[in-house]
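Going by my numbering, the first residue of the sequence shown is number 219, and it counts up by one from there.
See structure below.
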Amino acid sequence: MIGATFPALYGLLGYPLGHTLSPPMHQAALAALGLPGTYEALPVPADRLAGAMAGVRAWRLPGLSVTIPHKVAVMAYLDEVTPLAQRIGAVNTIYWDGDKLCGDNTDYAGFRACLPPGTVAGQAVTVLGAGGAARAAVLALADEGAARVHLVARRQAAAEALRDQLLPGEQAGAIVPFEDLPELQRILAESRLVVNATPLGMHGKTAPLPGDALAALPADAHVMDMIYAPAETPLMAAARARGLAVSNGAEMLLHQAAFAFERWTGAQAPLAAMREALHAGLAEVDETRRTP
Ligand code: NAP
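See the structure below:
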């Protein structure tokens with residue numbers, strides 16, 4: 219909610235903050251609606267989080283996004299955390315509810331808003347990774363009525379905790395290590411959707427799944443990568459080469475930002491303006507990557 223805020227500063231708390239597309243998206247949203255304020259990257263190392271959060275209260279900053287490494291630690295500095303963010307175990311949006319400083323997780327709704335139609339309800343799906351984004355995705359997939367959610371993870375303990383906490387018995391699928399090709403092929407053979415919630419593919423040519431595993435997917439499967447830069451990850455390129463439908467994380471990024479903006483301002487997010495700013499920013503990132 220817009221309050222008597224001085225300065226009307228919105229921002230992103232994280233560290234380090236390299237290329238971030240949140241400022242252009244939120245600046246565009248404020249400008250499109252003629253709302254006062256500015257949105258800045260606010261790099262804060264972990265050992266200064268307490269001080270930064272005291273500043274948020276002192277200046278009553280109207281809204282913040284939160285990214286690595288603060289998504290869990292920031293909860294200790296809030297008056298309330300939504301039940302959804304508590305279940306996910308991570309906060310990515312801070313807002314005021316009256317005099318209470320609150321935390322929510324809009325990755326869940328952002329992910330849910332861009333699920334390919336027909337790929338989840340009543341279907342088996344596979345999620346790669348067991349971190350914060352995977353937890354938001356798994357909860358959304360369970361709520362969308364997935365028949366089974368399989369997990370592919372490096373740390374079995376994290377995947378087991380995720381499954382036990384977020385998936386009711388009948389939706390709990392297998393937990394498979396990345397290197398177990400026969401088991402990967404077994405779960406992928408029945409999966410209509412694969413979601414990459416690891417950073418694998420962000421840099422270089424590493425795909426989280428080998429080609430032999432992807433070959434097991436049904437012809438009508440969809441491969442969704444949460445990564446948005448590069449626009450086509452090695453996983454997406456391999457899936458596309460197999461003739462499968464693919465998407466990257468740009469729409470999820472857009473929608474999680476839009477839900478956060480709505481929390482802060484009470485106004486409907488101007489999606490078209492935000493999308494335009496996002497794609498202009500993504501084109502710049504691609505250009506930077508091409509520059510030697
Ligand atoms: P996170 O909490 O750090 O979790 C990362 C997950 O990936 C963990 O399960 C981690 O396993 C696994 N992982 C990392 N490196 C790996 C490797 N070399 N081999 C196998 N597994 C590996 O991060 P997050 O916040 O969930 O983000 C995950 C990805 O989603 C990032 O690329 C992020 O940019 C993207 N994301 C996109 C959006 C969007 O809006 N599009 C939103 C949120 C996140 P360990 O536990 O073993 O380390």
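The beta carbon of each residue, even a glycine, is placed where N, CA and C say it ideally should be.
Note that the structure is a prediction, hence the values are computed from the model and not measured.
Classify R481 as helix, strand or coil using the three-state DSSP reduction.
-> helix
Taking contact to mean at least 3 C-beta pairs separated by less than 8 Å, is the stretch 454-471 in contact with the stretch 361-380?
-> no
Name the residue from P426, L411, S409, A355 whose alpha carbon lies nearest to the alpha carbon of P417.
-> P426
For A463, the first and last residue of its enclosing beta strand (DSSP E) | 463-465
From what residue to what residue does the beta strand (DSSP E) around R410 run?
-> Looking at the DSSP string, the run of the beta strand (DSSP E) that includes R410 is 409-414.
Please go through the same chain and pick out, in chain order, the residues whose beta-carbon is closer than 8 Å to the beta-carbon of R481, but skip the five residues on each side of it.
-> G281, T311, Y313, D322, T324
Examine the Cβ distances between the stretch 244-263 and the stretch 301-309 and report whether three or more of them are shorter than 8 Å.
-> no
Contained alpha helix (DSSP H) runs [length at least 4] in the stretch 349-427, N- to C-terminal order = 350-361, 374-384, 399-406
Hey, is Q341 close to the ligand NAP, as in C-beta under 7 Å from one of its heavy atoms?
-> If you check the C-beta of Q341 against the ligand NAP, you find no heavy atom less than 7 Å away.
Can you tell me the Cα-Cα spacing of M271 and A327, whole angstroms?
-> 25 Å
Near L399, which residues of its chain fall below 8 Å by C-beta distance, leaving aside the five closest residues on each side in sequence?
-> So the qualifying residues of the chain are P428, D430, A431.
My guess is that L239 and L260 are in contact by the Cβ rule of under 8 Å, so how many angstroms apart are they, rounded?
-> About 15 Å; that fails the 8 Å criterion.
Which of helix, strand or coil does DSSP assign to V284?
-> strand
CA-CA distance, A319 and P334?
-> It is Leu, not Ala, that sits at residue 319 in the sequence shown. L319 and P334: Cα-Cα distance of roughly 34 Å.
Return yes when the Cβ of V343 is within less than 8 Å of the Cβ of A352, no when it is not.
-> no
With a CB to CB cut of under 7 Å and the five nearest residues on each side skipped, what residues in its chain are close to I286?
-> G232
Which whole-angstrom value describes the C-beta separation of L380 and A360, a residue pair presumed to lie in contact below a C-beta threshold of 8 Å?
-> Actually they are not in contact, since the Cβ atoms of L380 and A360 sit about 11 Å apart, beyond 8 Å.
On the premise that Y257 lies in contact with L267, defined as a C-beta separation below 8 Å, what is that separation, rounded to the nearest angstrom?
-> Incorrect: roughly 19 Å between the Cβ atoms, too far for contact.
Over the uninterrupted beta strand (DSSP E) stretch that includes H244, give me the two end residues.
-> Note, H244: premise wrong, no beta strand (DSSP E); alpha helix (DSSP H) at 240-251.
Supposed close pair P452, D504 - CB separation, criterion 8 Å | Contact flag wrong, Cβ pair sits at about 15 Å.
Between the C-alpha atoms of Y228 and G236, what's the straight-line distance to the nearest angstrom?
-> 18 Å
Would you call the CB atoms of Y446 and L462 closer than 8 Å?
-> no
Which same chain residues, not among the five before or five after Q374, have their C-beta less than 8 Å away from its C-beta?
-> I393, P395
Cβ pair G391, A371 closer than 8 Å = no
When every heavy atom of the ligand NAP is checked, does at least one fall within less than 7 Å of the C-beta of I306?
-> no
If we ignore side chains and look at the alpha-carbon of each, how far apart do G340 and Q389 end up?
-> 10 Å
Can you tell me which of the three DSSP states H440 falls into?
-> strand
Are there 16 or more other CB atoms within 10 angstroms of the CB of G349, so buried, or fewer, so exposed?
-> Buried, because 16 or more other Cβ atoms sit within 10 Å of the Cβ of G349.
Y228 - containing beta strand (DSSP E), residue span = Membership of Y228 in the beta strand (DSSP E) is indicated by the continuous run 227-232.
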